[in-house]
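Colleague:
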Amino acid sequence: MWHAERIFVCFACRLSCHKKCHSRVNYVCPKANNDQPTCSKFFGTDLANLLADDEVPALLNKLLNCVEVKALFVEGIYRKSGQMAVFKGIRKKIETIKEPEAINFDDIPIHVLTSLIKAFFRELSEPLIIPDLYENFVNISGNLNIFFKIFLKIF
Numbered sequence: 001m002w003h004a005e006r007i008f009v010c011f012a013c014r015l016s017c018h019k020k021c022h023s024r025v026n027y028v029c030p031k032a033n034n035d036q037p038t039c040s041k042f043f044g045t046d047l048a049n050l051l052a053d054d055e056v057p058a059l060l061n062k063l064l065n066c067v068e069v070k071a072l073f074v075e076g077i078y079r080k081s082g083q084m085a086v087f088k089g090i091r092k093k094i095e096t097i098k099e100p101e102a103i104n105f106d107d108i109p110i111h112v113l114t115s116l117i118k119a120f121f122r123e124l125s126e127p128l129i130i131p132d133l134y135e136n137f138v139n140i141s142g143n144l145n146i147f148f149k150i151f152l153k154i155f
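Numbering (our numbering), first residue to last: 1 to 155.
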């Protein structure tokens, strides 16, 4: 940082701050070269990068288990959104710590957990069902409906 008479300005991102306030600003420059260890990348990444031995990513599995244990019978569980402030805080924690699997989700409201799961799937760099195969999935679901109608008539 360099300073003029009354402000400090970051060399990398050009953030400016009053000289009396700069010591209280809690801001890490995203463009600065930090020698800190890399953080986990959970949201917005490619699913293949998160997979270990073709299993569900550990953090996603932990979130899903918490939902299953805490509120499997809650109506509209994925329809409602969680409190945005709590959601952003937990999300930031997931993205900034080295091992997000160590986070304890027991005291977090259920709708915040489901919002985290929805955000994970929404922000995948590639969709789970790629556009080339989307029509096939739609056709299969239509055929299954016909199959179940025939099955119900028989029995």
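For glycine and all other residues, C-beta sits at the position ideal for the given N, C-alpha and C.
Whether or not the segment 43 to 63 and the segment 109 to 125 are in contact is what I'm after, with contact meaning three or more pairs of Cβ atoms, one per stretch, closer than 8 Å; do they touch?
Modeller: yes
Colleague: Does DSSP classify S81 as helix, strand or coil?
Modeller: In the sequence shown, counting from the first residue as 1, residue 81 sits at position 81. The answer is coil: DSSP assigns S81 none of H, G, I, E or B.
Colleague: Which first and last residues belong to the alpha helix (DSSP H) in which V140 is found?
Modeller: The residue labelled residue 140 in the question sits at position 140 within the sequence shown. It is Ile, not Val, that sits at residue 140 in the sequence shown. Where I140 is concerned, the enclosing alpha helix (DSSP H) stretches over P131 to I154.
Colleague: From what residue to what residue does the alpha helix (DSSP H) around I117 run?
Modeller: Counting from one through the sequence shown, the residue named residue 117 turns up at place 117. Segment I110 to R122, the alpha helix (DSSP H) holding I117.
Colleague: Do I103 and I97 count as a contact pair if the criterion is CB distance below 9 Å?
Modeller: Sequence index remark: in the sequence shown, residue 97 carries index 97 (1-based). Sequence index remark: in the sequence shown, residue 103 carries index 103 (1-based). Yes; because the gap between Cβ atoms is below 9 Å, this pair is in contact.
Colleague: My output table needs one value for I90: the three-state DSSP class, helix, strand or coil.
Modeller: One-based indexing of the sequence shown puts residue 90 at position 90. Helix.
Colleague: Closer than 8 Å to a non-hydrogen atom of the ligand GDP - does that hold for the CB of K93?
Modeller: The ligand GDP is absent from the structure shown, which contains no ligand whatsoever.
Colleague: Which residue or residues does DSSP assign as beta-bridge partners of C17?
Modeller: On the sequence shown, position 17 is the one that residue 17 refers to. In the DSSP assignment, C17 forms a beta bridge with F8.
Colleague: Would the beta-carbon of L51 fall within 9 Å of that of I117?
Modeller: On the sequence shown, position 51 is the one that residue 51 refers to. On the sequence shown, position 117 is the one that residue 117 refers to. In terms of Cβ geometry, L51 and I117 do not form a close pair [threshold 9 Å].
Colleague: What is the DSSP secondary structure of P127, reduced to helix, strand or coil?
Modeller: Here residue 127 refers to the residue found at position 127 when the sequence shown is read from its first residue. Coil, per DSSP.
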